[in-house]
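See structure below.
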Amino acid sequence: MKSAGIPEILSFLIFTLITLTNAIPTGSSTSSALTGPRGFGLEYINLEGELYFQPCFPNYAQANMCTVSFIEHSSWNSLVQLFIYDHECKRIGENYHVPRDYLAAKWGWGMTSELPKYLVLSIARDWQPNKNNGVKLDYGDSHFKPFVKSPFAPEFTSQGHMGSYTLFRAAFPCK
Numbered sequence: 271m272k273s274a275g276i277p278e279i280l281s282f283l284i285f286t287l288i289t290l291t292n293a294i295p296t297g298s299s300t301s302s303a304l305t306g307p308r309g310f311g312l313e314y315i316n317l318e319g320e321l322y323f324q325p326c327f328p329n330y331a332q333a334n335m336c337t338v339s340f341i342e343h344s345s346w347n348s349l350v351q352l353f354i355y356d357h358e359c360k361r362i363g364e365n366y367h368v369p370r371d372y373l374a375a376k377w378g379w380g381m382t383s384e385l386p387k388y389l390v391l392s393i394a395r396d397w398q399p400n401k402n403n404g405v406k407l408d409y410g411d412s413h414f415k416p417f418v419k420s421p422f423a424p425e426f427t428s429q430g431h432m433g434s435y436t437l438f439r440a441a442f443p444c445k
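Just add 270 to the spot in the sequence shown (first one is 1) and you have this note's numbering.
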């Protein structure tokens, strides 16, 4: 029997705590899935007041996984914020002012990062978290809809609302 290394054990412990934290009622069924546990030194984006979004969960066992996070607020005049993270949740790309219309363009919108290729995001203009088909990600030869069928465990991909914000976090293959 092969013994587990430290990265695998840490990954298991983190996901166990994520599962336990997400099982605790928080008053909003969506917010627990979008925030996850506190205290791991991971990034939390302060949306407003006491409202925090965890844009990435690490996956130490799969170095080929990256995460893209989307934040939208109705007062931002159809602009969204996008962030790209590597498998350890190191932020490797960001854009704070992406017009929603660019994401809804016929060929999507290519986002730069420290990755060697663009991540092309296609997000339907009318997409909301209750519509699984409205988001498509393309990176290199990988093309998929993360809320329909993700190549990674479901813990790495979520969508929902927190307060008046629309959010998603989606894992994608990046190697």
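Positions of the beta carbon are idealized from the N, C-alpha and C atoms, including for glycine.
Answer with buried or exposed for residue i, where buried requires no fewer than 16 other C-beta atoms within 10 angstroms of its C-beta.
i, result
"GLN324", "buried"
"GLN351", "buried"
"GLU384", "exposed"
"SER344", "exposed"
Just how far apart, CA to CA, sit residue i and residue j?
i, j, result
"LEU407", "GLY319", "31 Å"
"LYS401", "CYS359", "26 Å"
"ASP396", "TRP377", "16 Å"
"PHE414", "GLY363", "20 Å"
"THR436", "VAL405", "13 Å"
"TYR372", "MET381", "11 Å"
"VAL418", "ARG361", "25 Å"
"SER428", "TRP346", "22 Å"
"CYS326", "ALA374", "23 Å"
Kindly indicate which residue of the options has the alpha-carbon position closest to the one of residue i.
i, options, result
"ALA333", "ASP356, TYR322, LEU349", "ASP356"
"CYS444", "ALA394, ALA375, ASP411", "ASP411"
"PRO268", "MET335, ILE393, GLY430, ASN316", "Residue 268 lies beyond the range of the chain shown here (271 to 445); nothing can be said about it."
State yes or no: is the C-beta of residue i within less than 7 Å of the C-beta of residue j?
i, j, result
"HIS367", "LEU389", "no"
"TYR330", "TYR322", "no"
"ALA441", "THR337", "yes"
*Completely contained alpha helix (DSSP H) runs for the region 332 to 381, where each covers 4 or more residues*: You should have 370 to 373.
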